[in-house]
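S.K.: Structure in C-alpha cells, see below.
Numbering (this note's numbering), first residue to last: 10 to 101.
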C-alpha cells in the first residue's frame, strides 16, 4: 500500500499510478481529465514550478506510466510538495 499526503489529505493506492489518477481527479484546475497520465504529470509539474526546479521536471519518453507516476511522487516528496509513504506490511 502506498500513501501520498498533500495538505493533510491522504491519497492511497496499490500503485503510484492509482495515486496520481486520484490526484488528477481532485485537481479542479486540471482541464484534461481522462487523458494519458503523461499529460497530467506535465501540467502538474508546470504548476509546481515554484517548488521544483525546471531541471528536475523532465518526463522520459522511454518510461512507462507506472514508472513515471512513481518518479513524479518521489520528486514531489523530495521537494516538499507532498509526502510519499510506502508500507510493505499493508498498514500505511
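Just so it is clear, CB atoms sit at the ideal spot from N, CA and C, and this is done for glycine as well.
In this text the structure is predicted, and so the values were computed from the model without any measurement.
1. Roughly how many angstroms separate the alpha carbons of residue 73 and residue 38, rounded to a whole number?
2. Which of the three DSSP states is assigned to residue 14 in this structure?
3. Just the C-alpha distance for residue 58 and residue 51, rounded to the nearest angstrom, thanks.
4. So the candidates are 15, 43, 24 and 61; which of them puts its Cα closest to the Cα of residue 96?
5. Report buried or exposed for residue 87, applying the criterion of at least 16 other Cβ atoms within 10 angstroms of its Cβ.
M.R.: In brief:
1. Those two C-alpha atoms are separated by around 25 angstroms.
2. Under the three-state reduction of DSSP output, residue 14 falls in the strand class.
3. Per the coordinates, the alpha-carbon of residue 58 lies some 11 angstroms from the alpha-carbon of residue 51.
4. Residue 96 has its Cα closest to that of 24, out of 15, 43, 24 and 61.
5. The Cβ neighbour count for residue 87, taken over all protein chains shown within 10 Å, is under 16; the residue is labelled exposed.
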